[in-house]
Amino acid sequence: MMDYRRSWEKIKEKILTHINCDDYKLFYVSTIEETKVLKMLGEIADQKDVFLYTYDIASGLKCDKDKRIKNLSDDFKKDLSSVIEWVEGQKKGYLVFVNINQHIEQNYFLIRKIKNFVNSIIENNYYIKIFMVSQFVRIPDELQHEACFIDFPLPTRDEIKDIVDNFFKIIQNEPTKEFREQIIDSLLGLREIDIVNALKFALYSGALDKGDVHTIIDIKSQIIKKESLLEFIKITENIENVGGMKNLKDWVLQKKKVIFNLSDAYNYGLENPKGILLFGMPGCGKSLVAKVISNEWKLPLLRLDIGMILGPYVGQSEENIRRAIKIAESIAPVVLWIDELEKAFAGISDGNSGGSDVMKRVFGSFLTWMQEKTKPVFVVATANDISAIPPEFLRKGRFDEIFYVDLPNKDGINEILKIHLRKRNKESWHEFFQEFMPKLSGFSGADIEALVKEIIELSFVNNMTNKKDDISKFIEKTIGDFKPITATMNSKIENLRNKMKEINAKSVD
Ligand SMILES: Nc1ncnc2c1ncn2[C@@H]1O[C@H](COP(=O)(O)OP(=O)(O)O)[C@@H](O)[C@H]1O
Ligand SMILES: [Mg+2]
1 MMDYRRSWEK
11 IKEKILTHIN
21 CDDYKLFYVS
31 TIEETKVLKM
41 LGEIADQKDV
51 FLYTYDIASG
61 LKCDKDKRIK
71 NLSDDFKKDL
81 SSVIEWVEGQ
91 KKGYLVFVNI
101 NQHIEQNYFL
111 IRKIKNFVNS
121 IIENNYYIKI
131 FMVSQFVRIP
141 DELQHEACFI
151 DFPLPTRDEI
161 KDIVDNFFKI
171 IQNEPTKEFR
181 EQIIDSLLGL
191 REIDIVNALK
201 FALYSGALDK
211 GDVHTIIDIK
221 SQIIKKESLL
231 EFIKITENIE
241 NVGGMKNLKD
251 WVLQKKKVIF
261 NLSDAYNYGL
271 ENPKGILLFG
281 MPGCGKSLVA
291 KVISNEWKLP
301 LLRLDIGMIL
311 GPYVGQSEEN
321 IRRAIKIAES
331 IAPVVLWIDE
341 LEKAFAGISD
351 GNSGGSDVMK
361 RVFGSFLTWM
371 QEKTKPVFVV
381 ATANDISAIP
391 PEFLRKGRFD
401 EIFYVDLPNK
411 DGINEILKIH
421 LRKRNKESWH
431 EFFQEFMPKL
441 SGFSGADIEA
451 LVKEIIELSF
461 VNNMTNKKDD
471 ISKFIEKTIG
481 DFKPITATMN
491 SKIENLRNKM
501 KEINAKSVD
């Protein structure tokens, strides 16, 4: 079994660099592979000739090499506060807190104790380093500035290749070259432990024998959904299913040439596409376009549940976004879709300034990442309403492009109508609608779709009539009864159109 991966070596180097410069006393290490991290820290401690003490709630203070702790009572060893004082008294050593996040979360006494401990190390020039190792990293606000955050990258493609090859060696099986490549691709974005579990599941379910990669992709989707705010979206929509929006569709097709030739594009001097923001009326196809982009560019679509970013624990929002970015980057090239962006800022623009500060910070770092990222993660953000989104996020240069998605124009309405009739094999009815076209102005794409469905149902319950007179009657009745969502939204539309001019967004048509 492999012990240290290349990225572990990199982490070790990073920790050593910080230890050598003595710039940090407190380290946060985010990992589920506790044992391995402890082993690595043990090696570093040996190298530096100090003791490695560990503390967890169940066992209290432990150290195999320092015999003196045998003399301490169990109660003493389990009391975090006493442990801190004792280690402080040693003046040197590495103290690892294993999974004590929840324990100290709301415990201001302990947080203060740790902060004082850090200060004392600095003032007295002790050679002591504190490590907090846990799966979910939530750095209490009070300790943010003192802490160096160490994150384990997800396995790279090469590392996954090693894990997969190793797995097949153990089960004494050999996949075809093509299947092996598919498996490796399908496991991108998972942690080592999940990769092995996914492979085991695939083995027991017979998927490996059948050469069935979809089972592995499904397992991956489930794991990622369970552990992050990301979800893989399956797509069937293609660009022919989008009515109107000629400018936007041209943009998608133009960028497609770049996406398909990324390395040539970089060599030619193009920059990594950052992403786009689509905002405008509900039901006008923003979510549809996000799916179409991923389908046209032949990239997987990962949707980020932005409404859940603000977790109940301190630091969780940052952790949520960091994790999402990490997973997206390891799956790249990928489309990262942030649907209904405004939800992130809902209810926090007025009043609750704490939430809004966190969100601004989280989004600030998200936007910085968007600008600096080198991996091909293409962000598609969609929003119905951008009035709650702080203006700095909408400035030119944040996104490659901002499109305003308005209600469809005459041609758009006609195309959308055709699309939804065609989807239901009723293309021949299209001409029956012509005399009613003026009445459809103000309808959204979703409205038109609903209308088509309703009319088809009326035809069905009336003995599936196909006659022009009948259908025209149904169309008339349905349109007459229909309340397009815009009927009550005039002022909102007005606001959105003003906003479009204000931020210089492009029009989709
Ligand atoms: N321009 C369009 N062309 C074709 N269908 C559309 C269009 N706009 C909306 N629709 C239909 O309405 C449904 C809902 O639209 P959606 O993309 O969810 O709107 P939004 O995200 O803007 O609120 C789509 O799945 C599609 O069936
Ligand atoms: Mg939508």
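Number 158 in UniProt numbering belongs to position 158 of the sequence shown; there are no gaps in the numbering.
From the three backbone atoms N, C-alpha and C, an ideal C-beta is built for every residue, glycine too.
Starting from T382 and walking both ways along the beta strand (DSSP E), at which residues does that stretch end? 377–383
When you compare the CB positions of L301 and K291, do they come within less than 8 Å of one another, or not? yes
Should E178 be counted as a contact of ligand 2 given a C-beta to heavy atom distance under 7 Å? no
Could you pull out every residue in the same chain whose Cβ sits closer than 7 Å to the Cβ of I122, ignoring the five residues on either side in sequence? K25, listed in sequence order.
Endpoints, the beta strand (DSSP E) within which R497 is located: No beta strand (DSSP E) holds R497; the alpha helix (DSSP H) holding it covers 490–502.
Counted within 10 angstroms of its Cβ, other Cβ atoms place F152 as buried (16 or more) or exposed: buried
Would you please state the rounded distance, in angstroms, between the beta carbons of E318 and N238? I believe it to be under 8 Å. With a Cβ gap of about 37 Å, E318 and N238 do not count as contacting.
Every unbroken alpha helix (DSSP H) within the stretch 135–199, with a cutoff of 4 residues, ordered by chain: 157–170, 177–187
Which of the three DSSP states, helix, strand or coil, is assigned to M245? coil
With a 10 Å radius around its C-beta and 16 neighbouring C-beta atoms as the bar for buried, classify G307 as buried or exposed. exposed
Can you find the residues in the same chain that come closer than 6 Å, C-beta to C-beta, to M40, ignoring five residues on each side of it along the sequence? K12
Lining residues of ligand 2 - beta-carbon closer than 6 Å to any non-hydrogen atom, in sequence order: The answer, residue by residue, is K286, S287, D339, T382.
Cβ of V405 within 7 Å of any heavy atom in ligand 1? yes
If distances are taken between C-alpha atoms only, which option among L61, S30, E9 comes closest to E43? E9
I believe V405 touches V508 by the beta-carbon criterion, under 8 Å. Please report the beta-carbon distance rounded to the nearest angstrom. 5 Å
Which same chain residues end up closer than 6 Å to Q144 when comparing Cβ atoms and leaving out the 5 residues on each side of it in sequence? none
Quick one: residues in its chain with C-beta nearer than 7 Å to the C-beta of K439, no 5 flanking neighbours on either side, listed in chain order? I479
Ligand 1 and G275: does any heavy atom of the ligand fall closer than 7 Å to the residue's C-beta? no
Is G445 near ligand 1, going by C-beta to nearest heavy atom under 7 Å? yes
Helix, strand or coil for F443? Go by DSSP, reduced to three states. coil
Hey, how far is the Cα of K373 from the Cα of V362? Each residue's Cα considered, the two are about 16 Å apart.
Measuring CA to CA, which of K477, E88, I183, G60 is closest to K210? I183
Pop quiz: A383 and E340 are said to be a contact at Cβ under 8 Å. What is the actual Cβ separation, rounded to whole angstroms? 6 Å
Could you check where the alpha helix (DSSP H) with V96 kicks off and where it finishes? V96 -> not in any alpha helix (DSSP H); beta strand (DSSP E) instead, spanning 92–98.
Report buried or exposed for H420, applying the criterion of at least 16 other Cβ atoms within 10 angstroms of its Cβ. With at least 16 other beta carbons inside 10 angstroms of its own, H420 counts as buried.
Measure the C-alpha to C-alpha separation of D165 and A45 and round it to an integer number of angstroms. 33 Å
Are the stretch 129–143 and the stretch 91–111 in contact at 8 Å, needing three or more beta carbon pairs? yes
Can you tell me whether DSSP reads V461 as helix, strand or coil? When secondary structure is reduced to three states using DSSP, V461 falls in the helix class.
For the stretch 325–342 against the stretch 213–230, do three or more pairs of beta-carbon atoms, one drawn from each stretch, fall closer than 8 Å, so that the two count as touching? yes
In chain order, each alpha helix (DSSP H) run of at least 4 residues that lies wholly inside the stretch 51–89: 74–78
Taking C-beta to C-beta, are S459 and T465 nearer than 8 Å? yes
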